[in-house]
Structure formats: structure tokens, C-alpha cells
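So the sequence shown is numbered by the working numbering: it starts at 10 and just counts up by one.
Virtual Cβ for every residue (Gly too), placed ideally from N, Cα, C.
Written out below as C-alpha cells is the structure these notes cover.
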Amino acid sequence: MGKYILVPDKLIELSKRTKGKNFREGIRQGLFLMSLILVEQPKIAVEIGSQTGFSTCCMAMAMADNDYADKAGYVYGIEKTIPHTKTAMMNLESFGLAEYAKVINGDSKEVIHSHPELRPIEFMFIDGDHSYKKVYSDIFDNFQFIKNNALVVFHDYNADTKKGIDAALSDLENRGHEFEKIKINILTNGLLIRKIK
Ligand SMILES: C[S@@+](CC[C@H](N)C(=O)[O-])C[C@H]1O[C@@H](n2cnc3c(N)ncnc32)[C@H](O)[C@@H]1O
């Protein structure tokens with residue numbers, strides 16, 4: 010892809026398989042998520058909205074590489090639809106990543122509350138339902154499970170999603186929570202926050 014930055018063959022193959030003609034943008038997003046996992050080295054990463062497992066596999070690839078430094082963690086993807094969950098699990102298997110990630114079928118709200126093994130969350134990627142109400146609840150209701158100093162990454166910080174995220178963060182601030190916030194030029198206007206407390 011680039012002249013100097015070599016892109017892993019497996020990432021190219023995964024992006025072509027799951028993103029079709031948008032595979033180049035997939036590669037950019039994949040490299041970004043992989044870099045965050047390599048730098049942060051979370052023991053538990055939770056993803057809301059796995060779809061067919063592209064982002065789950067990207068994070069799991071970086072977890073596998075963290076393994077060489079004895080820092081391997083685990084990615085829990087959450088996906089509402091059964092066909093997507095099955096495809097995501099198949100992609101994890103076929104890329105040899107089942108040791109580092111799995112996708113749980115269900116609604117983000119129920120899954121995080123009913124699966125204690127998903128906590129404390131040390132890294133979170135929120136890319137599920139983009140409506141105001143759902144994205145509000147994905148951040149507000151789960152903030153208690155996120156470890157201090159953890160990164161939370163939002164896809165599509167725009168339109169209704171932005172309003173929902175802003176409302177949730179403002180309500181959390183009013184309850185005494187603190188975080189740093191930075192807008193990013195990837196993930197279709199993404200947002201990164203680091204929880205302080
Ligand atoms: C934009 S796609 C995710 C793309 C994926 N993160 C990637 O980068 O390849 C959003 C996914 O979230 C799922 N979803 C929507 N609402 C959800 C919920 N409440 N709980 C879990 N998954 C949800 C949808 O079924 C869809 O597959």
C-alpha cells in the first residue's frame with residue numbers, strides 16, 4: 010500500500026474480505042486500532058458492534074503481537090445479529106486469532122452487565138448502534154466498568170451519535186467523573202477519550 014510503511018498481508022486480506030471496495034479505508038482504520046492496542050497493551054478490550062469481525066480481528070492481531078512481550082490481552086466483541094456474530098467468529102478462526110478474541114452475540118447493554126469477565130475494561134471501542142439513545146447508554150451505563158486511565162474510542166462522532174456521546178459525557182462530568190477528549194481524523198470523525206476517574 011505505502012512506499013515505506015509495510016502493511017501486513019493478513020490485514021490486507023482481512024480488509025478485502027470484510028470491507029470489499031472500501032478495503033483501503035479499512036486498512037487505515039485497522040492500522041490505527043492495532044497501534045492503539047500495541048501501545049496501550051490492555052488485558053481486556055471490549056468492542057461494541059463487531060459486525061463481521063474486521064475491527065475485532067485487527068485488535069486481536071495486535072493482542073497476538075503483544076503476546077511476544079508477555080502482554081497478551083483478550084478482545085471481547087459484542088454483536089447483536091446472529092449471522093454477523095457467526096461470520097465474525099469464522100473470521101477469527103480462519104485468521105488464527107481465536108486464542109485472542111471472541112464475539113458474544115447479544116445487546117451491548119445486557120452483555121456487559123451479565124458477563125463479569127468483560128471487566129474491568131482497559132480499552133473500549135464503541136461502534137454499535139449510532140442512535141442518540143443507544144450510544145448514550147453504551148457510554149453512560151458502562152462507564153463504571155471502565156478502568157481509570159483506559160482509552161475509549163468512538164467511531165462516527167457526528168450527527169446523532171455526537172449528540173448522544175456529548176450528552177453522556179456531560180452527565181458523567183456532572184457526577185464527578187473526569188476524562189481527556191481528543192477528536193481524531195479517522196473512523197469517520199472519531200473521538201478518543203481517556204478516563205481519568
Ligand atoms: C458499523 S457496524 C460495526 C463495524 C465494525 N466495528 C468494523 O469496524 O468492522 C455496527 C454493528 O453494530 C451492531 N449493533 C448495533 N446495535 C448493537 C447493540 N445494541 N449491541 C451489539 N451490537 C449492536 C450492528 O448489528 C452492526 O453489525
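Lys204: member of the beta strand (DSSP E) spanning 199-204, first to last residue. Contact between the segment 114-132 and the segment 50-70 is present, with at least three C-beta pairs closer than 8 Å. A residue is called buried once 16 or more other Cβ atoms fall within 10 Å of its Cβ, and Asp136 is buried on that count. Under the 10 Å beta carbon count, Met43 is surrounded by 16 or more other beta carbons and is classified as buried. Residue state for Phe154 is assigned as helix, using DSSP reduced to three classes. Between Val16 and Ile36, the CB-CB gap stays under 8 Å. In the pairwise beta carbon analysis, the segment 93-113 is classified as not touching the segment 136-156: fewer than three pairs are separated by under 8 Å. Of Tyr85, Ser117, Phe163, Ala177, the smallest CA-CA separation from Phe41 is found for Phe163. Distances between the C-beta of Ile193 and the heavy atoms of ligand 1 are all 7 Å or more. By the Cβ criterion, the segment 113-128 is not in contact with the segment 66-78, since fewer than three pairs of Cβ atoms, one from each stretch, lie closer than 8 Å.
Distances from the alpha-carbon of Ile121 to those of Ile14, Met68, Asn157, Phe152 put Phe152 closest. Within its own chain, the residues whose Cβ lies closer than 7 Å to the Cβ of Thr61, once the five positions on either side in sequence are excluded, are Thr27, His93, Thr96, Ala97, Asn100, listed in chain order. Residue environment analysis places Glu88 among the buried positions, since at least 16 neighbouring C-beta atoms fall within 10 angstroms of its C-beta. Taking 8 Å as the upper bound for CB-CB distance, Lys111 and Tyr141 are not in contact here, some 29 Å apart.
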